[in-house]
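J.: Dumping the structure here so I can ask a few things about it.
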Amino acid sequence: MSPFPCLVIVHALAATVWTGGHLVLDLGVLPQALRERSADRIRDFEPLGLTALGLQVITGLWMGLILLPDLHGLFDPANPIGLLVGTKLLLLTATAALAVHARLRLIPNLTDANLIRLGGVLG
Numbered sequence: 004m005s006p007f008p009c010l011v012i013v014h015a016l017a018a019t020v021w022t023g024g025h026l027v028l029d030l031g032v033l034p035q036a037l038r039e040r041s042a043d044r045i046r047d048f049e050p051l052g053l054t055a056l057g058l059q060v061i062t063g064l065w066m067g068l069i070l071l072p073d074l075h076g077l078f079d080p081a082n083p084i085g086l087l088v089g090t091k092l093l094l095l096t097a098t099a100a101l102a103v104h105a106r107l108r109l110i111p112n113l114t115d116a117n118l119i120r121l122g123g124v125l126g
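Residue 4 is where the sequence shown starts when you use this note's numbering, and the numbers rise one by one after that.
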């Protein structure tokens, strides 16, 4: 049996957690953190999202290698699978860059005092 169906399920579940987690963060946790002026509420939320993102990266790359084993035709408009995998890799790069920025710059520098600025940017 091919691992592909299991990879799709895990990938979709991780994407649901990643997306849903950001909705919960933006609509629930951030407003409460702003009211309480507590940056710790946001910091406590981070590990779940990073785990989901990690699962998405692993399963996505694995599925990409199954669909396009030699990466021949990557970004080729004549090859819809190659175009899809290439586009997803570009989006993954952008997402990873934002995640690294948040992990290394935004979250470590987040304090109760500057939380309002974060709320102004995100809220």
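No residue lacks a Cβ here, since even glycine has one placed at the ideal position from N, Cα and C.
Compare the beta carbon distance of D79 and L70 with 8 Å and say whether it is the shorter of the two.
T.: Cβ atoms of D79 and L70: not closer than 8 Å.
J.: Compute the Euclidean distance between the alpha carbons of R120 and E49, then round it to the nearest angstrom.
T.: Using only the alpha carbons, I get a separation of about 19 Å.
J.: Got a sec? Which residues, its chain only, sit under 8 Å from L51 by beta carbon, not counting five neighbours each side?
T.: If we look at L51 and ignore the five residues flanking it on each side, its Cβ neighbours are V20 and G24.
J.: Candidates P8, A17, I45 and R40: which alpha carbon is nearest V27's?
T.: Among P8, A17, I45 and R40, the Cα nearest to that of V27 belongs to I45.
J.: For L2, which three-state DSSP category applies?
T.: An answer regarding residue 2 cannot be provided, because it is not within the stretch 4 to 126 covered by the chain.
J.: Cα separation between L58 and W65?
T.: Approximately 11 Å, taken between the alpha carbons.
J.: As a quick exercise: from V88, I12 and I61, pick the residue whose alpha carbon is nearest that of P72.
T.: With distances taken between Cα atoms, P72 lies closest to V88.
J.: Considering only the beta carbon of each residue, do A102 and T62 sit closer than 8 Å?
T.: No, the Cβ-Cβ distance between A102 and T62 is not below 8 Å.
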